[in-house]
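> Here UniProt numbering is used: position 182 in the sequence shown is 182, and no number is missing along the way.
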Amino acid sequence: MKRIAIFASGSGSNAEKISAYFSDRTDVEVSLILTNNPQAGVIARARKLHIPVLVFDRKTFYESERILEILKNNNIDLIVLAGFMMLIPTYLVNGFENKMVNIHPALLPKYGGKGMYGSFVHEAVVAAKEKESGITIHFVNEHYDEGNIIFQTSCEVLPTDTADDVANKIHVLEHAHFPQVIDQLISQA
Ligand code: GAR
Numbered sequence: 001m002k003r004i005a006i007f008a009s010g011s012g013s014n015a016e017k018i019s020a021y022f023s024d025r026t027d028v029e030v031s032l033i034l035t036n037n038p039q040a041g042v043i044a045r046a047r048k049l050h051i052p053v054l055v056f057d058r059k060t061f062y063e064s065e066r067i068l069e070i071l072k073n074n075n076i077d078l079i080v081l082a083g084f085m086m087l088i089p090t091y092l093v094n095g096f097e098n099k100m101v102n103i104h105p106a107l108l109p110k111y112g113g114k115g116m117y118g119s120f121v122h123e124a125v126v127a128a129k130e131k132e133s134g135i136t137i138h139f140v141n142e143h144y145d146e147g148n149i150i151f152q153t154s155c156e157v158l159p160t161d162t163a164d165d166v167a168n169k170i171h172v173l174e175h176a177h178f179p180q181v182i183d184q185l186i187s188q189a
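1. Where does residue 105 land, buried or exposed, given buried means 16+ other C-beta within 10 angstroms?
2. Residues in its own chain within less than 8 Å of residue 10 by CB, not counting five upstream and five downstream?
3. Would you mind reading off the limits of the beta strand (DSSP E) that contains residue 3?
4. If residue 55 and residue 4 are in contact, beta carbons under 8 Å, what's the gap, nearest whole angstrom?
5. When you compare only the Cα positions, how much space is there between residue 142 and residue 90?
6. Examine the Cβ distances between the segment 24-37 and the segment 56-75 and report whether three or more of them are shorter than 8 Å.
7. Which class does residue 51 belong to by DSSP, given the choice of helix, strand or coil?
8. Spell out the partners DSSP gives residue 216 in its beta bridges.
9. Helix, strand or coil, according to DSSP, for residue 143 in the structure here?
10. If you compare alpha carbons, which of 32, 77, 68 is closest to residue 52?
11. Taking a contact to mean a Cβ-Cβ separation below 8 Å, would you say residue 19 touches residue 30 in this structure?
12. Identify, in the order they occur along the chain, each residue of the same chain with its Cβ nearer than 8 Å to the Cβ of residue 93, setting aside the five sequence neighbours on each side.
13. Count the C-beta pairs between the segment 108-125 and the segment 154-168 that are closer than 8 Å, then say yes if the count reaches three, no if not.
14. Note the first and the last residue of the continuous beta strand (DSSP E) segment covering residue 31.
15. With respect to 7 Å, is the separation between the Cβ of residue 111 and the closest non-hydrogen atom of ligand 1 below this value?
16. Counting pairs of Cβ atoms below 8 Å between the segment 108-115 and the segment 58-74, do you hit three or more?
17. Pick helix, strand or coil for residue 43, following the three-state DSSP scheme.
18. Give the straight-line distance between the Cα atoms of residue 26 and residue 158, rounded to the nearest whole angstrom.
19. Just the Cα atoms here: how many angstroms apart are residue 2 and residue 154?
20. Across which residues does DSSP place residue 75 in a beta bridge pair?
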C-alpha cells in the first residue's frame, strides 16, 4: 500500500477530490491530512472522509522536525500540497526529495513566487489581460513555485472574466487532472 499525506491551508476541495479518487483503491490511500489552519474547511472534509487530520502550528513546523517524524512514522510515500500556503522548510524538502508535489493555479513561471497564491494569482492574471491561464503541478524545493514542472494545462481567459470566473475554471482543471497526475507519480514513488 502506497501512502499519501496531503497538506492544505484552506477550503480543501482538491484534498477532497484526491481522497475520493483513491477511496476505492487497495494499492494507494490518503493516510493523513495536515493543516496549519485550525479554521480550514479541509478539516471538515477530512472528517467526512474518515481521514485523520493533524493541525500544527508555525513554531512546530519551522522550529522542530516533528512533522517529518510524524510523516516517517506513518510511512508516507508522497506528500501532496493542495492549497498549502506556507514555505516548506529545508528539513522537509530534504526528507521528501522528489516525493513532494505542489499544485499552482497558474502557468508557471508566470504568476508564481511569494505572495502569489489563491485569488491573488487570478486577480493578477485578469489585471494583465491574459488570454489564458492554467495549472502547474511541480516538485517542491525550498523556493516558492520553483521546483521541476511535472504537468501543465491551460484554459481560456475571456476579456469579461472576473478573478472569480478564472478561479472557477482553474478549479475544474485542478479537480480533473491533479488526482491522475498523483496516481502516475505514486506508482513510481
Ligand atoms: C487551489 O487553486 C491551488 O492551486 C491554490 O490554492 C487553491 C486551493 O483550493 N494553491 C496556491 O495558490 C499555492 N500557491 P482548495 O482549497 O479548494 O483545494
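Here a beta-carbon is modelled for each residue, glycine too, at the ideal position from N, C-alpha and C.
Reading from the atomic positions:
1. Position 105 of the sequence shown, counting from 1, holds the residue named residue 105. Counting Cβ neighbours within 10 Å, residue 105 comes out buried, since at least 16 surround it.
2. Locating residue 10 in the sequence shown gives position 10, counting from the first residue. Answer for residue 10: 37, 40, 41, 42, 83, 85, 118, listed in chain order.
3. Counting from one through the sequence shown, the residue named residue 3 turns up at place 3. Element bounds for residue 3: 2-7.
4. Position 55 of the sequence shown, counted from the first residue, corresponds to residue 55. Position 4 of the sequence shown, counted from the first residue, corresponds to residue 4. Not confirmed; about 18 Å, so no contact.
5. The residue you call residue 142 lines up with position 142 of the sequence shown. The residue you call residue 90 lines up with position 90 of the sequence shown. Looking at the two C-alpha atoms, the distance is approximately 6 Å.
6. With the cut-off at 8 Å, the segment 24-37 and the segment 56-75 touch.
7. If you number the sequence shown from 1, residue 51 lands on position 51. Of the three classes helix, strand and coil, the one that applies to residue 51 here is coil, per DSSP.
8. Outside the displayed span of the chain (1 to 189) sits residue 216, for which this structure offers no information.
9. Against the sequence shown, residue 143 aligns to sequence position 143. Coil.
10. In the sequence shown, residue 52 corresponds to position 52, counting from 1. Out of 32, 77, 68, 32 has the C-alpha closest to the C-alpha of residue 52.
11. Mapped onto the sequence shown, residue 19 falls at position 19. Mapped onto the sequence shown, residue 30 falls at position 30. The answer is yes: Cβ separation under 8 Å.
12. For the purposes of this step, residue 93 is taken as residue 93 along the sequence shown, with counting starting at 1. Here the set comprises 100, 140, 141, 142.
13. yes
14. The residue labelled residue 31 in the question sits at position 31 within the sequence shown. Here the beta strand (DSSP E) through residue 31 covers 28-35.
15. As a working note, residue 111 is residue 111 in the sequence shown. No - ligand 1 has no heavy atom lying nearer than 7 Å to the Cβ of residue 111.
16. No, the segment 108-115 is not in contact with the segment 58-74.
17. Looking up residue 43 in the sequence shown gives position 43. Of the three classes helix, strand and coil, the one that applies to residue 43 here is helix, per DSSP.
18. For this step, residue 26 is matched to residue 26 along the sequence shown. For this step, residue 158 is matched to residue 158 along the sequence shown. Each residue's Cα considered, the two are about 42 Å apart.
19. Your numbering for residue 2 matches position 2 in the sequence shown. Your numbering for residue 154 matches position 154 in the sequence shown. Cα to Cα, residue 2 sits roughly 30 Å from residue 154.
20. Within the sequence shown, numbered from 1, the residue matching residue 75 stands at position 75. In the DSSP output, where bridge partners are listed per residue, residue 75 has none listed.
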